[in-house]
Amino acid sequence: PYMEQTFGSWYVMGGMRELARAVYERCVARRVTFVFGAEVVRVVEKDGRAAGVELADGEVAEADRVVLGVRPRPGLVPGQQTWGAGDVTVRPGSGAGAAGRFTVLLSLRGAREADAVHRTVVHGADGATEQEAVFGGRVAAGPTVTVLRPDDPATRPDAEHEAVTLTATVAPQGPVDWRDAGVRQRFADVLVERAAAAVPGLRERILHTEVHTPAETEAETGAEGGAVPPPALAGADGAYLHPGNLTRLPGLYLAGGWSHPGGGLAHAGMSGTLVAGLVVEGDDFRGSR
Ligand SMILES: Cc1cc2nc3c(=O)[nH]c(=O)nc-3n(C[C@H](O)[C@H](O)[C@H](O)COP(=O)(O)OP(=O)(O)OC[C@H]3O[C@@H](n4cnc5c(N)ncnc54)[C@H](O)[C@@H]3O)c2cc1C
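Here's what the structure looks like:
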């Protein structure tokens with residue numbers, strides 16, 4: 001919140017997909033090879049080192065080093081002690097408590113006003129009750145809704161239309177069944193209704209609506225419950241810290257939102273920088289100085 005209040009928030013022109021595309025193209029230029037549609041089932045260990053990954057079809061891809069960009073889970077490296085006593089690890093049930101996002105993508109008729117605010121947070125009526133619902137696995141009655149109105153021509157067909165995105169932090173898929181058509185529709189309606197505080201006349205302008213819930217996040221990315229990794233925060237006896245980027249198995253590293261320093265694109269990017277440093281500089285690397 002301090003960073004956002006002080007420096008503002010950032011936005012990728014063309015939408016978030018453009019960031020993925022730019023990273024992809026940069027990697028290809030740097031001669032990185034991508035293999036898509038290849039599900040990793042475990043990390044292969046040989047002579048006390050990570051030696052590759054085994055894919056769902058049984059194929060083994062050998063490697064000198066393995067960087068795991070998904071949520072680490074016990075059993076990923078059979079028979080190996082990946083973390084030692086005192087390490088920050090994946091706490092039992094910690095994922096079950098992680099929240100997902102409910103997103104309503106709106107196509108609106110009518111131009112975006114030139115002075116429209118990019119990002120407005122419409123706070124819930126009662127934060128404590130909302131938090132209890134989200135982390136207790138229920139649908140919150142009066143959710144906090146983030147209303148996004150970027151001034152980005154790539155998101156609309158012409159100046160006579162506008163694209164607006166509404167998001168709310170919600171319980172993951174599982175305790176709430178976000179595939180239930182009624183549940184989805186009712187909650188989407190609540191978001192639209194609450195967002196009208198930021199965009200007067202919103203409902204009347206809607207041409208098309210798409211709803212994206214933790215159920216879709218889970219189906220599309222494999223993230224358990226469609227959970228979104230939270231940032232690593234100090235305090236609470238380390239309850240909000242994520243596993244470190246270096247594991248006890250030589251050659252196995254962790255990157256991405258489920259490792260240090262936690263979720264969010266900026267943090268996930270930092271974890272990649274840390275792992276690159278560890279690979280290039282060695283295990284003593286502790287970030288830039
Ligand atoms: C709706 C939504 C809104 C968000 N909004 C913001 C925001 O405004 N700002 C922000 O900073 N962050 C936001 N986040 C969070 C941010 O997207 C994540 O923190 C970030 O993408 C994490 O990056 P990652 O590389 O760790 O994981 P991911 O981007 O999830 O990438 C993991 C990849 O691994 C693949 N995979 C999973 N399991 C396997 C397997 N077994 N084998 C092979 N591949 C596998 C997945 O398919 C996926 O492609 C949002 C997330 C969501 C869902």
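In this note's numbering, the protein residues as written are 1 to 289.
No residue lacks a Cβ here, since even glycine has one placed at the ideal position from N, Cα and C.
Any non-hydrogen atom of ligand 2 within 6 Å of residue i CB
i, result
"Gly69", "Ligands in the displayed structure: ligand 1; ligand 2 is not one of them."
Residue i - partner residues in DSSP beta bridges
i, result
"Leu68", "Leu254"
"Thr165", "Leu105 and Leu148"
"Leu246", "Tyr253"
"Glu45", "Ala50"
"Pro231", "Gly262"
Simplified DSSP assignment, three categories, for residue i
i, result
"Glu54", "strand"
"Ser288", "coil"
"Val32", "coil"
"Glu62", "strand"
"Val40", "strand"
"Ala96", "Low confidence applies to Ala96: its pLDDT is 46, below 50, so where it sits in the model is not reliable, and the reading given next is rough at best. Residue state, collapsed to three classes: coil."
"Leu278", "helix"
"Arg119", "strand"
"Gly222", "coil"
"Phe76", "Per the sequence presented here, residue 76 reads as Leu, with Phe not at that position. Of the three classes helix, strand and coil, the one that applies to Leu76 here is coil, per DSSP."
Beta carbon of residue i nearer than 7 Å to that of residue j
i, j, result
"Gln173", "Glu204", "no"
"Thr209", "Leu106", "yes"
"Ala232", "Gly262", "yes"
"Val53", "Val43", "yes"
"Gly235", "Ala255", "no"
"Val275", "Asn245", "yes"
"Val211", "Val104", "yes"
"Thr33", "Arg101", "no"
Contacts around residue i, its chain only, beta-carbon distance under 7 Å, and the 5 residues preceding and following it disregarded
i, result
"Ala111", "Ala159, Glu160 and Glu162"
"Val134", "Ala99, Ala140, Thr169, Val170 and Ala171"
"Ser288", "none"
Close beta carbons around residue i, own chain, < 6 Å, minus the five adjacent residues each side
i, result
"Phe285", "Gly277 and Leu278"
"Ala154", "Gly14"
Cβ neighbours of residue i in the same chain (closer than 8 Å, five flanking residues each side left out)
i, result
"Gly127", "Thr144"
"Gly238", "Val88"
"Asp283", "Leu246"
"Thr129", "Ala140, Ala141 and Gly142"
* Asked: Is there contact here, the stretch 238-258 with the stretch 79-88, by at least three beta-carbon pairs under 8 Å?
  -> As far as the Cβ criterion goes, the stretch 238-258 touches the stretch 79-88, which means the pair count is three or higher.
* Asked: Is the stretch 178-189 touching the stretch 70-79 in the sense that three or more CB pairs, one from each, lie closer than 8 Å?
  -> Contact fails: fewer than three Cβ-Cβ distances are below 8 Å.
* If you pair each beta-carbon of the stretch 111-122 with each one of the stretch 141-150, do three or more pairs fall below 8 Å? -> Flag = yes, the stretch 111-122 and the stretch 141-150 touch.
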